[in-house]
Amino acid sequence: MQHKELSPSQLYKKCDVSKLSFETTSELEALKDISRGVGQPRAVEALKFGVGIRQEGYNVYALGPSGTGKHTFTRQYLSRRLEGTPSPSDICYVNNFESPGKPSLLRLPQGRGNDLAQDMEKLVLEAPNALKGAFESEEYQNRLQSMQQEFREYHQGVFEDLQNKAKEKGLTLIRTPTGFAFAPVKEEGEIMPPEEFQKLPEDKRQQMEKDMEEMQNESQRLFQKFPAWQRDMRKKIKELNNEVARYALGHLIEEIREKHSDVPEVGTFLDAVLKDIIDNVQSILESEKQHEEGQMQTTPLFMGGGGGRGGFEPPGGRGQIMRRYKVNVLVDNSKTRGAPVIYEDNPTYANLVGRVEHQPQMGALITDFTLIKQGSLHRANGGALILDAHKVLLQPGAWDGLKRALKSQQIKIESLAEMFSLISTISLEPEPVPLDVKVVLVGSPLIYYLLKYYDPDFAKLFKVAADFDMRMDWDEKHQNQFAQFMAGIIEHDGLRPFHRSGVGRILEFSARKVQDQMKLSTHVQGLTDLMREADYQAGESGRDTVTDEDVQKAIDASIYRSDLIREHVQESIKRGVMLIDTEGVKAGQINGLSVLMLGDFMFGRPNRITARIRLGRGEVINIEREVKLSGPIHSKGVLILSGFLGNRYALDRPLSLSASLVFEQSYGGIEGDSASCAELYCLLSAISGMPIRQSLAVTGSVNQHGQVQAIGGVNEKIEGFFDVCREKGLNSEQGVLIPESNVEHLMLRNDVVMAVEDGKFHIYPVKTIDQGMEILTGRTAGEPDESGAYPEGTINYEVSRKLQELSEKRRLFGTEKEQGGQS
Amino acid sequence: MNQDKNLLTLKRILVPLDASEHSMAALNTAAGLAAAQGAELEGLFVEDINLLQLCEFPFIREISFWGHTFRCMNRADTERQLRMRARQLKRILAEVATRHDVSWKFKVTRGGVPAEVLAAAEDADLTILGRSGWTMTRPRITGSTVRTVVSRGRGMTMIIQKGMRFQPPVQALFTGSELSEKALNVALDLGKKKDISILVYLLTDGGEKLKDMRGRVEEITSAKGVRASVQSIRAMDLKRISRTVRAYGPGPLFIPCEEPNLQGEDLQELINSLDNPVFLVR
Numbered sequence: 135m136q137h138k139e140l141s142p143s144q145l146y147k148k149c150d151v152s153k154l155s156f157e158t159t160s161e162l163e164a165l166k167d168i169s170r171g172v173g174q175p176r177a178v179e180a181l182k183f184g185v186g187i188r189q190e191g192y193n194v195y196a197l198g199p200s201g202t203g204k205h206t207f208t209r210q211y212l213s214r215r216l217e218g219t220p221s222p223s224d225i226c227y228v229n230n231f232e233s234p235g236k237p238s239l240l241r242l243p244q245g246r247g248n249d250l251a252q253d254m255e256k257l258v259l260e261a262p263n264a265l266k267g268a269f270e271s272e273e274y275q276n277r278l279q280s281m282q283q284e285f286r287e288y289h290q291g292v293f294e295d296l297q298n299k300a301k302e303k304g305l306t307l308i309r310t311p312t313g314f315a316f317a318p319v320k321e322e323g324e325i326m327p328p329e330e331f332q333k334l335p336e337d338k339r340q341q342m343e344k345d346m347e348e349m350q351n352e353s354q355r356l357f358q359k360f361p362a363w364q365r366d367m368r369k370k371i372k373e374l375n376n377e378v379a380r381y382a383l384g385h386l387i388e389e390i391r392e393k394h395s396d397v398p399e400v401g402t403f404l405d406a407v408l409k410d411i412i413d414n415v416q417s418i419l420e421s422e423k424q425h426e427e428g429q430m431q432t433t434p435l436f437m438g439g440g441g442g443r444g445g446f447e448p449p450g451g452r453g454q455i456m457r458r459y460k461v462n463v464l465v466d467n468s469k470t471r472g473a474p475v476i477y478e479d480n481p482t483y484a485n486l487v488g489r490v491e492h493q494p495q496m497g498a499l500i501t502d503f504t505l506i507k508q509g510s511l512h513r514a515n516g517g518a519l520i521l522d523a524h525k526v527l528l529q530p531g532a533w534d535g536l537k538r539a540l541k542s543q544q545i546k547i548e549s550l551a552e553m554f555s556l557i558s559t560i561s562l563e564p565e566p567v568p569l570d571v572k573v574v575l576v577g578s579p580l581i582y583y584l585l586k587y588y589d590p591d592f593a594k595l596f597k598v599a600a601d602f603d604m605r606m607d608w609d610e611k612h613q614n615q616f617a618q619f620m621a622g623i624i625e626h627d628g629l630r631p632f633h634r635s636g637v638g639r640i641l642e643f644s645a646r647k648v649q650d651q652m653k654l655s656t657h658v659q660g661l662t663d664l665m666r667e668a669d670y671q672a673g674e675s676g677r678d679t680v681t682d683e684d685v686q687k688a689i690d691a692s693i694y695r696s697d698l699i700r701e702h703v704q705e706s707i708k709r710g711v712m713l714i715d716t717e718g719v720k721a722g723q724i725n726g727l728s729v730l731m732l733g734d735f736m737f738g739r740p741n742r743i744t745a746r747i748r749l750g751r752g753e754v755i756n757i758e759r760e761v762k763l764s765g766p767i768h769s770k771g772v773l774i775l776s777g778f779l780g781n782r783y784a785l786d787r788p789l790s791l792s793a794s795l796v797f798e799q800s801y802g803g804i805e806g807d808s809a810s811c812a813e814l815y816c817l818l819s820a821i822s823g824m825p826i827r828q829s830l831a832v833t834g835s836v837n838q839h840g841q842v843q844a845i846g847g848v849n850e851k852i853e854g855f856f857d858v859c860r861e862k863g864l865n866s867e868q869g870v871l872i873p874e875s876n877v878e879h880l881m882l883r884n885d886v887v888m889a890v891e892d893g894k895f896h897i898y899p900v901k902t903i904d905q906g907m908e909i910l911t912g913r914t915a916g917e918p919d920e921s922g923a924y925p926e927g928t929i930n931y932e933v934s935r936k937l938q939e940l941s942e943k944r945r946l947f948g949t950e951k952e953q954g955g956q957s
Numbered sequence: 373m374n375q376d377k378n379l380l381t382l383k384r385i386l387v388p389l390d391a392s393e394h395s396m397a398a399l400n401t402a403a404g405l406a407a408a409q410g411a412e413l414e415g416l417f418v419e420d421i422n423l424l425q426l427c428e429f430p431f432i433r434e435i436s437f438w439g440h441t442f443r444c445m446n447r448a449d450t451e452r453q454l455r456m457r458a459r460q461l462k463r464i465l466a467e468v469a470t471r472h473d474v475s476w477k478f479k480v481t482r483g484g485v486p487a488e489v490l491a492a493a494e495d496a497d498l499t500i501l502g503r504s505g506w507t508m509t510r511p512r513i514t515g516s517t518v519r520t521v522v523s524r525g526r527g528m529t530m531i532i533q534k535g536m537r538f539q540p541p542v543q544a545l546f547t548g549s550e551l552s553e554k555a556l557n558v559a560l561d562l563g564k565k566k567d568i569s570i571l572v573y574l575l576t577d578g579g580e581k582l583k584d585m586r587g588r589v590e591e592i593t594s595a596k597g598v599r600a601s602v603q604s605i606r607a608m609d610l611k612r613i614s615r616t617v618r619a620y621g622p623g624p625l626f627i628p629c630e631e632p633n634l635q636g637e638d639l640q641e642l643i644n645s646l647d648n649p650v651f652l653v654r
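The listed protein sequences correspond, in order, to chains F and G. Its first residue numbered 135, the first sequence is counted upward by one per residue in our numbering. Its first residue numbered 373, the second sequence is counted upward by one per residue in our numbering.
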């Protein structure tokens with residue numbers, strides 16, 4: 135019944151620093167781009183595929199635990215991958231003169247957007263002066279006055295004719311407050327009073343009335359020609375204005391047209407600009423005049439002038455009227471090298487798809503195409519956009535907006551507030567921008583799987599999953615890459631070089647982080663933090679290089695900052711507030727081990743588990759579950775115990791006990807099955823009456839066959855019990871039983887390893903329940919003979935005997951009850 | 373007008389108003405002169421009796437400029453429209469007078485417009501009239517009220533059209549008569565107060581009389597401390613006078629209204645031929 139315990143070398147994998155080919159990290163070539171390796175081959179392959187494939191919907195979701203450097207990795211990889219690819223064109227918006235509410239999109243070759251904007255700015259500055267010069271010229275004024283005079287003369291001629299005809303008939307034309315009328319006159323030319331008119335002979339009066347009616351009809355006939363004349367006059371004046379404006383602006387427009395002749399859309403835009411200026415030349419001249427007179431009025435002017443197209447023009451002078459000829463450069467790619475890789479830190483709906491801003495003016499909110507603002511989709515168009523999935527989902531409308539853009543392959547700027555009818559004001563419908571972008575969502579696996587299950591669009595739009603592993607193999611290749619990566623962080627953060635002992639200690643810490651002697655953590659954030667803190671410790675110690683001692687100090691300091699609660703727990707055990715025995719023997723009582731997680735800090739502690747039995751119907755009562763303090767996995771573990779007991783000891787008779795199990799002094803919930811081993815040991819001890827050594831603690835889960843299975847947090851659990859024992863006094867008897875499959879996960883603290891080395895503490899790997907019981911009780915478990923009976927004096931014999939006894943009692947109890955019932 | 377013929381003092385300036393562009397030009401000029409002279413500005417609006425009488429004719433129709441439709445004329449409506457027009461003019465007068473910081477009053481009468489203006493002009497030191505009212509014919513021809521005041525008026529009268537103002541150079545016709553000396557003095561006083569240069573046209577056939585007239589002009593201008601330019605125009609050639617005045621610029625022309633050539637139809641013709649403001653001194 136000899137049970138081996140683990141040797142100190144099995145408790146911790148020491149990094150062999152002699153195999154590191156450098157003295158300090160300053161000798162290493164720094165690896166700044168983590169996407170060039172460091173243990174994420176699967177993610178690299180997925181990103182390569184996602185970026186490479188051009189078909190729709192092959193966007194990428196980079197999933198992995200937080201802190202694994204997904205953002206940096208993705209950004210660095212994409213930047214490198216897209217370097218050297220063609221840069222996208224500039225995106226501009228210009229006024230749509232036909233429909234000002236729907237600004238037109240203008241795409242220009244890279245860097246040319248600003249050129250055109252500056253050219254149009256120059257036009258906006260020079261055009262009013264050029265127009266003013268042309269329209270104030272003597273030649274124009276003469277031609278205009280000649281036209282106006284022609285109309286005036288026609289108008290006056292009509293009235294003079296009427297007046298003359300009226301005079302021949304003894305009438306005159308007289309002006310009234312709202313028109314004119316014909317009136318009879320006396321021979322002297324004065325208007326005839328009514329009483330005099332009445333004195334005229336009847337035939338004379340009738341003749342005058344008839345004449346007046348004729349004159350009225352005549353005037354009406356002549357007046358009907360006025361609108362046509364006015365129309366002709368306006369047309370002639372417009373033609374004149376057109377001619378003069380073309381003359382004044384022709385060279386300015388042609389200069390721009392020639393410069394951008396390779397972009398036909400610019401020519402179309404310039405044609406529209408020229409037409410609009412001609413249509414609105416009077417408004418422009420008027421505003422220029424006001425500008426010169428310093429009488430900037432605040433009366434609203436309206437776009438469209440004579441055309442009456444009705445678009446709103448913000449009030450003001452020259453600048454504001456000419457504003458509509460400007461170019462709004464939404465995305466300027468002049469400084470972009472290769473396809474852009476954009477990370478949007480605040481992915482609100484507006485920050486993604488852009489927005490239309492408004493300006494308050496005279497109590498109203500107004501806008502125009504110059505107030506259209508870009509979103510990150512605009513900036514990333516032609517390249518890649520990296521977004522944090524969690525942030526996108528948190529922002530109202532952002533996720534839907536992103537999906538809409540990806541599905542429609544275009545960016546359509548719509549106001550969220552208007553979509554929900556929260557505001558009602560003048561807004562714009564800018565022409566949508568065709569979208570060609572790879573979106574990389576970075577987030578946790580949980581979000582990935584939730585989206586996968588609950589959002590049918592997700593699978594169509596994000597077909598590529600880039601899975602980031604939280605660990606990588608601890609081999610020579612990765613060890614060297616790890617050191618180079620550390621050199622990269624040192625260079626980036628300006629830290630002291632790390633001595634190879636420091637690198638070794640960090641590698642060990644990394645292995646401890648993933649609880650595996652064969653693996654290293656890829657948690658970049660944790661690594662970076664530890665390196666910075668170790669650098670600080672080195673500085674405090676006055677060292678130029680960071681050694682293992684500094685790293686250890688940084689680890690200890692970090693633990694110290696976080697382990698206040700652990701200390702309180704330890705203290706309460708030491709002072710006997712929480713009852714934990716670390717010596718002696720007791721039946722039906724055992725030290726189980728549990729782990730508490732406080733953020734990213736985890737620590738272990740022992741829990742007293744007790745079991746009591748009585749005659750019953752084979753049920754094992756989990757008291758935690760009865761009071762709803764047991765999680766489902768824990769409850770499952772307890773139910774497995776009944777399966778084990780029945781299978782091993784009660785194949786041919788009913789299991790006639792009722793057992794209750796409880797975590798003493800536990801007031802919070804319990805989850806996980808890592809205590810199921812301890813619970814079974816405790817139960818077997820209670821049934822058999824064999825006492826258990828209280829100097830030992832137990833962790834591990836068990837299946838129905840009595841095999842002990844691996845659990846998590848093995849290091850913290852061992853250390854937790856070790857700390858309690860050390861506080862109460864190590865007596866060389868104490869130790870922990872762990873599943874044998876957890877041995878490779880051991881990366882224990884140095885003080886624990888030293889205690890084991892000194893024989894003051896023991897760690898026993900256990901494969902079966904029988905092994906564990908033998909260690910705990912010092913008695914042989916016992917193998918069943920051919921008939922299934924266990925040798926006398928063994929643990930299993932005692933358990934089997936007790937259960938048989940209970941079964942017999944139950945049978946007798948049942949018979950007596952039946953007899954009693956009959957009598 | 374002060375009794376001293378050499379010293380112009382205006383106490384009351386009358387402006388007949390009908391809201392036409394010409395009458396608004398008259399109002400602005402009157403306000404400017406009233407401010408320079410410390411005179412009171414009196415606006416006059418005449419409710420045209422002819423219009424009201426027209427309403428008595430059942431067959432007379434008013435023709436609108438815009439709709440080209442006929443409308444029966446109604447006295448109550450017409451009176452209301454005239455009252456509205458009067459209120460509008462009073463408000464404009466108040467604004468202009470306030471802007472020039474002059475005292476003002478506004479009067480509304482009813483009757484024939486020329487007769488009412490003539491009557492009101494009797495009590496004014498100066499009457500300033502728009503060249504024509506709401507004319508529908510060629511604007512160069514003066515309106516009936518102006519024609520009446522020119523032919524029958526007895527006080528000083530200024531006639532002005534839209535776009536014109538009291539601006540340099542002040543021009544004056546000088547015949548050597550006492551009235552022409554008065555006109556020259558008025559021109560000098562008004563021009564001096566506004567610091568405007570003056571040009572005097574000597575109307576003579578030449579010879580000795582020209583010399584005398586030149587000497588007299590120099591005397592008068594020297595006495596006022598003003599340096600004037602002098603130019604002679606042979607005989608009383610009104611067309612030539614008109615051409616010369618127009619050629620020299622848009623400034624006001626001071627005319628002594630005296631027999632035989634500067635009265636009646638001749639004077640009317642001279643006024644019609646000019647765009648300049650005309651100041652009739654009687």
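Yeah, the Cβ is synthetic: ideal placement off N, Cα and C, and Gly gets one too. Computed from a prediction, not measured in an experiment: that's the story for all the values here.
Looking at the strands, I want to know which residues DSSP matches up with residue i.
i                 : result
Pro899 of chain F : F:Ile872
His633 of chain F : F:Thr158
Ile755 of chain F : F:Ser794
Ile767 of chain F : According to DSSP, Ile767 of chain F bridges with nothing at all.
Closest to residue i by C-alpha separation, out of the options, would be which residue?
i                 : options                                : result
Gly834 of chain F : F:His512, F:Pro825, F:Gly916, F:Ala844 : F:Ala844
Val772 of chain F : F:Gly247, F:Ser143, F:Gly840, F:Ser152 : F:Gly840
Tyr477 of chain F : F:Asp601, F:Ile500, F:Ser510           : F:Ser510
Gln651 of chain F : F:Arg605, F:Gly673, F:Met620, F:Ala688 : F:Arg605
Glu932 of chain F : F:Thr158, F:Glu867, F:Leu818           : F:Leu818
Leu257 of chain F : F:Gln189, F:Asn351, F:Val461, F:Lys423 : F:Val461
Thr911 of chain F : F:Gly718, F:Met881, F:Gly846, F:Asp892 : F:Gly718
Can you give the beta carbon distance from residue i to residue j, rounded, assuming they're within the 8 Å contact cut?
i                 : j                 : result
Leu265 of chain F : Val415 of chain F : 6 Å
Arg639 of chain F : Gln671 of chain F : That pair is no contact at about 12 Å.
Lys534 of chain G : Glu637 of chain G : Incorrect: roughly 25 Å between the Cβ atoms, too far for contact.
Using 8 Å as the threshold, is the region 482-494 of chain G in touch with the region 604-624 of chain G, meaning 3 or more CB pairs across them? no
On the three-pair Cβ rule with 8 Å, is the region 223-236 of chain F touching the region 459-473 of chain F? yes
Taking one C-beta from the region 445-460 of chain G and one from the region 327-337 of chain F each time, how about it: are there three or more such pairs within less than 8 Å? For the pair of segments examined, the region 445-460 of chain G was found not to touch the region 327-337 of chain F: the number of CB pairs separated by less than 8 Å stays below three.
Any contact of the region 822-831 of chain F with the region 712-727 of chain F, i.e. 3+ C-beta pairs under 8 Å? yes
Would you check if there are 3 or more beta carbon pairs closer than 8 Å linking the region 729-742 of chain F to the region 764-778 of chain F? no
Pair every Cβ in the region 479-492 of chain F with every Cβ in the region 540-552 of chain F, then say whether three or more of these pairs are closer than 8 Å. yes
Is the number of C-beta pairs between the region 577-596 of chain F and the region 190-197 of chain F that are closer than 8 Å three or more? yes
Examine the Cβ distances between the region 633-647 of chain F and the region 860-870 of chain F and report whether three or more of them are shorter than 8 Å. no
Within 8 Å, do at least three Cβ pairs link the region 458-472 of chain G to the region 938-945 of chain F? no
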